[in-house]
Amino acid sequence: MGEGIKESGIKRKNLFVTSKVWNTERGYDKTLKAFDKTLSDLGLDYLDLYLIHWPANELQFGKDANQLNVDTWKAMERLHEEGLIRSIGLSNFMQHHAEPVMSKANICPMVDQIEYHPGFTQEDCVEFCQKNNILVEAWSPLGRGNVLDSPLLKSIATNHGKSVVQVVIRWVMQTGVLPLVKSVTPSRIKENVDVFDFELSQQEMLEIASMKADRIGADPDTCDF
Ligand SMILES: NC(=O)c1ccc[n+]([C@@H]2O[C@H](COP(=O)([O-])OP(=O)(O)OC[C@H]3O[C@@H](n4cnc5c(N)ncnc54)[C@H](OP(=O)(O)O)[C@@H]3O)[C@@H](O)[C@H]2O)c1
-17 MGEGIKESGI KRKNLFVTSK VWNTERGYDK TLKAFDKTLS DLGLDYLDLY LIHWPANELQ
43 FGKDANQLNV DTWKAMERLH EEGLIRSIGL SNFMQHHAEP VMSKANICPM VDQIEYHPGF
103 TQEDCVEFCQ KNNILVEAWS PLGRGNVLDS PLLKSIATNH GKSVVQVVIR WVMQTGVLPL
163 VKSVTPSRIK ENVDVFDFEL SQQEMLEIAS MKADRIGADP DTCDF
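If you read the sequence shown in this note's numbering, its first letter stands for residue -17, the second for the next number, and so on.
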């Protein structure tokens, strides 16, 4: 990534670079070290956003889980105060993981990046975040491609003269969530940003909200990595 950024010639201020502290690096000192390595690997002098990738959970850490998350957060706060990270946040934290961190925090998490796609919307978590002014980012908003064959989404897309993917991106945005769509295909990347010239109706939003889908990633409470 660092090499790609250098070769692109794009000015740093025109990029938004996010990274996350991985599960093996939780805790105050380890997080500071992991961040140093990330910054030097990327060849950058600051990050725009840094997240705790997964909460330490009770299954793995018993009653020490919350303290471990707090210690990791304290390191994130320090890095933010030192100007090395513009924004700090969480990923895969549900309300019961986030609240103990927030109760000890000087800086409220700014972001929570969670699994979110049609049929799997984790409403409780989104409501909690939105109440607390935490921006929800949707990971795997296309369900890694699972949504592409939905007859409902296909019919809404046809009505708007848009693709299914554009409809899903628009739906995520209209729910107040930030879609993090991944594509390595230049034509798709262009297609995926072309979503600002149409709006889904309330009825269409309700129809999409009634879809059902399974979780595709790990459950933050039962994952053991
Ligand atoms: N925080 C976490 O724990 C976590 C976990 C998982 C993922 N994420 C992040 O979430 C982001 C997205 O997740 P994801 O990659 O799992 O799933 P996704 O964005 O839902 O789906 C990506 C798939 O959709 C395809 N696609 C993209 N645009 C398309 C289009 N216009 N038409 C047809 N197909 C299209 C991509 O193909 P091509 O690339 O081949 O074009 C790729 O196969 C990634 O940046 C990832 O790092 C975070």
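Where a beta carbon is used, it is the ideal one built from N, C-alpha and C, also for glycine.
Under a three-way DSSP split, which group does SER1 fall into? Residue state, collapsed to three classes: strand.
Thinking ASP206 and GLN49 are a contact (beta carbons under 8 Å), I'd like their distance in whole angstroms, please. Between GLN49 and ASP206 the Cβ distance is about 19 Å, and since that is not below 8 Å, they are no contact.
Given this structure, state the Cα-to-Cα distance separating TYR98 from ASP18, to the nearest angstrom. Note on geometry: alpha-carbon atoms of TYR98 and ASP18 lie some 30 Å from one another.
Using the Cα positions of THR204 and PHE178, report the straight-line distance between them to the nearest angstrom. Each residue's Cα considered, the two are about 38 Å apart.
Whole beta strand (DSSP E) runs in the stretch 25 to 79 with 3 or more residues, listed along the chain? You should have 29 to 34, 67 to 73.
Ligand 1 and PRO133: does the residue's C-beta get closer than 7 Å to at least one heavy atom of that ligand? No; taking the cut-off as 7 Å, the Cβ of PRO133 has no heavy atom of ligand 1 nearer than that.
Please indicate yes or no: does the CB of PRO202 lie closer than 7 Å to some heavy atom of ligand 1? Outside the cutoff, so no.
Mind reading off the beta-carbon distance from ILE70 to MET84? Whole number of angstroms is fine, and I expect it under 8 Å. Wrong, their Cβ atoms sit about 12 Å apart, outside the cutoff.
Are the CB atoms of VAL118 and PRO82 nearer to each other than 8 Å? Contact: no.
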